[in-house]
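For reference, the structure is listed below as structure tokens.
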Amino acid sequence: MTPASFVPRPCLQDIIPYQPGKPIDDVKREFNLKQVIKLASNENPLGPSPLAMAAVRTALANAALYPDGSCHLLRRALARKLRVAPQSLLLGNGSNELLVQLGLAFLEPGDEIVTSHMSFVVYTSVPQLMGAKAVLVPAVRYGFDLPGLLRAMTSKTRIVFIANPNNPTGTVVDPEELQTFLAQVPVSCLVALDEAYDEYVDRKYHGDSIGWTKKYPNLVVLRTFSKAYGLAGLRIGYGVAAPEVVQAIECVREPFNVNSLAQAAAVAALSDRQHVARTVGLAKAERSWLACRLSELDFETVPSQANFVFAKAPAGNAQQWFQSLLRQGVIIRPITGPYVRITAGTRPQNERLIRALKKIKV
Ligand SMILES: *Cc1c(COP(=O)(O)O)cnc(C)c1O
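Residue numbers (the working numbering): 85 to 446.
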């Protein structure tokens with residue numbers, strides 16, 4: 085029977101459209117403010133590498149031409165850096181696109197994915213988009229419960245999504261426990277290991293995830309240029325996976341999914357190791373500084389291995405803190421209940437946040 089009017093696919097009904105961090109210009113207009121800082125989306129407070137900016141200016145001259153659909157130069161640069169075959173790389177319009185492509189390529193209606201509560205919302209919207217079901221395992225100490233994930237898996241589970249470090253909480257899983265987990269996941273189920281914040285992880289928590297992709301054909305490691313490389317606005321991310329996974333993704337990929345400016349910027353950004361080192365050094369110093377200052381204000385914080393701090397407010401709810409800070413020109417990310425996530429900015433930005441927090445009466 086023909087429907088009475090046009091209707092979206094029923095599985096879309098449960099999807100809550102992604103709520104991005106509030107843009108700076110919106111806040112300036114709304115509250116009539118001159119100086120607004122955004123500590124809401126885990127962007128790089130140092131901006132992009134100057135080398136990346138120069139590469140974009142050069143690439144702009146060829147903006148009339150379609151980009152290289154195979155991302156040849158970037159693929160080669162990444163393959164060298166990561167010591168993997170160029171054919172094992174996935175390139176996307178942000179790693180977000182790669183998450184969606186995994187759904188398109190591997191999820192049928194009725195399939196299941198497993199992930200954790202208090203993790204990245206895209207892991208639940210991707211299965212919803214495909215008419216598949218998201219099974220959420222309770223978080224343990226604000227992080228992923230790997231044995232819990234294994235117990236939640238059924239014969240219908242096709243993908244397990246793990247954010248390491250986790251967003252929004254900043255926790256990491258132990259690398260040895262992760263390896264044990266990988267060895268136990270059936271090969272019929274992909275493990276999407278989302279390492280968007282990998283660069284910020286201290287050495288002692290750092291596993292050889294890229295190397296593990298050679299041993300576990302069902303492991304897909306995802307990374308991004310949006311965070312430590314400071315290229316969030318250009319939209320580019322990458323993944324490392326077995327050739328079988330790469331071939332499947334090729335079938336669902338748009339022909340020119342990574343634009344030419346992003347490709348040029350990413351190649352240049354990879355070569356600027358100093359910029360990444362400065363970025364990571366700053367984030368590590370500032371996440372500790374922020375956590376100390378927040379504890380002094382009776383916020384409970386979770387130790388972070390990323391470029392943000394997850395905190396439980398001493399009173400009131402996240403929305404109240406978010407709104408009170410907005411009025412003072414500071415944008416943070418309210419999560420749920422009393423929980424907020426605050427990106428580690430530069431020291432002056434973080435100081436401004438703390439001054440603003442001290443003025444709030446809840
Ligand atoms: C920021 C982030 C991404 C990366 O998003 P892009 O699409 O690459 O900008 C992916 N996963 C998590 C958990 C993130 O926080």
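In this text, a Cβ means the ideal position worked out from N, Cα and C, and glycines have one as well.
Computed from a prediction, not measured in an experiment: that's the story for all the values here.
{"Asked": "Rounded to whole angstroms, what's the CA-CA distance from residue 343 to residue 329? Just pull it up for me.", "Found": "22 angstroms"}
{"Asked": "Quick one, what's near ligand 1 if you take every residue whose CB is closer than 5 angstroms to any heavy atom, in chain order?", "Found": "178, 179, 180, 204, 247, 251, 278, 280, 308, 310, 321"}
{"Asked": "Which ranges would you report for the beta strand (DSSP E) in the stretch 319–386 if only whole runs of at least 3 residues count?", "Found": "321–324, 384–386"}
{"Asked": "I need the boundaries of the alpha helix (DSSP H) containing residue 406, first residue and last residue.", "Found": "402–411"}
{"Asked": "Let me confirm a value: residue 154 is counted as buried when at least 16 other C-beta atoms fall within 10 Å, else exposed. Which label applies?", "Found": "exposed"}
{"Asked": "What residues in its chain sit with their C-beta under 7 angstroms from that of residue 421, if we drop five residues either side in the sequence?", "Found": "401, 402"}
{"Asked": "Going by DSSP in three states, residue 115 sits in which element: helix, strand or coil?", "Found": "helix"}
{"Asked": "Where does residue 265 fall in DSSP's three states?", "Found": "helix"}
{"Asked": "At which residues does the beta strand (DSSP E) containing residue 242 begin and terminate?", "Found": "241–247"}
{"Asked": "By alpha-carbon positions, which one of 427, 307, 356, 390 ends up nearest to residue 138?", "Found": "356"}
{"Asked": "Does the structure place the stretch 290–305 close enough to the stretch 113–133 that three or more beta carbon pairs sit under 8 angstroms?", "Found": "no"}
{"Asked": "Looking at the unbroken beta strand (DSSP E) that takes in residue 289, where does it start and where does it end?", "Found": "First-last for residue 289: undefined, no H or E at that position."}
{"Asked": "Taking the CB atoms as reference points, tell me whether residue 254 and residue 388 lie closer together than 8 angstroms.", "Found": "yes"}
{"Asked": "So, for residue 161: in the same chain, excluding its five sequence neighbours on each side, which residues have a beta-carbon less than 7 angstroms away from its beta-carbon?", "Found": "351, 354"}
{"Asked": "For residue 456 and residue 246, what's the separation of their Cα atoms in angstroms?", "Found": "Outside the modelled stretch of the chain, which goes from 85 to 446, sits residue 456, for which no answer is possible."}
{"Asked": "What's the C-alpha gap between residue 93 and residue 191?", "Found": "16 angstroms"}
{"Asked": "Between residue 413 and residue 215, what straight-line distance do the alpha-carbon atoms span, to the nearest angstrom?", "Found": "40 angstroms"}
{"Asked": "Can you tell me which of 359, 362, 358, 392 puts its alpha carbon nearest to the alpha carbon of residue 373?", "Found": "392"}
{"Asked": "CB residue 257 to CB residue 251, shorter than 8 angstroms?", "Found": "no"}
{"Asked": "Quick check on residue 225: does DSSP put it in helix, strand or coil?", "Found": "coil"}
{"Asked": "Could you give the DSSP three-state label for residue 184: helix, strand or coil?", "Found": "helix"}
{"Asked": "Go to residue 232, then tell me how far its beta strand (DSSP E) extends in each direction, as first and last residue.", "Found": "Element bounds for residue 232: not the beta strand (DSSP E) but the alpha helix (DSSP H), 230–236."}
{"Asked": "List the residues that DSSP assigns as beta-bridge partners of residue 217.", "Found": "196"}
{"Asked": "Using alpha carbons as the reference points, say which of 104, 132, 167 lies closest to residue 313.", "Found": "132"}
{"Asked": "Just checking, does the stretch 262–276 make contact with the stretch 225–235 on the three C-beta pairs under 8 angstroms criterion?", "Found": "yes"}
{"Asked": "In three-state DSSP terms, what is residue 278?", "Found": "strand"}
{"Asked": "From the DSSP secondary-structure annotation, give me the bridge partner or partners of residue 467.", "Found": "The requested residue 467 does not occur in the structure, where the chain is confined to residues 85 to 446."}
{"Asked": "Does DSSP put residue 190 in a helix, a strand or coil?", "Found": "helix"}
{"Asked": "Return the Cβ separation of residue 124 and residue 427 in integer angstroms, given the expectation that the two are a contact with Cβ distance under 8 angstroms.", "Found": "7 angstroms"}
{"Asked": "What is the rounded straight-line gap between the Cα of residue 418 and the Cα of residue 425?", "Found": "6 angstroms"}
{"Asked": "In the DSSP assignment, what residue or residues form a beta bridge with residue 392?", "Found": "427"}
{"Asked": "With three or more beta-carbon pairs closer than 8 angstroms as the criterion, would you say the stretch 312–326 touches the stretch 163–175?", "Found": "yes"}
{"Asked": "With 16 other CB atoms within 10 Å as the buried threshold, where does residue 178 fall?", "Found": "buried"}
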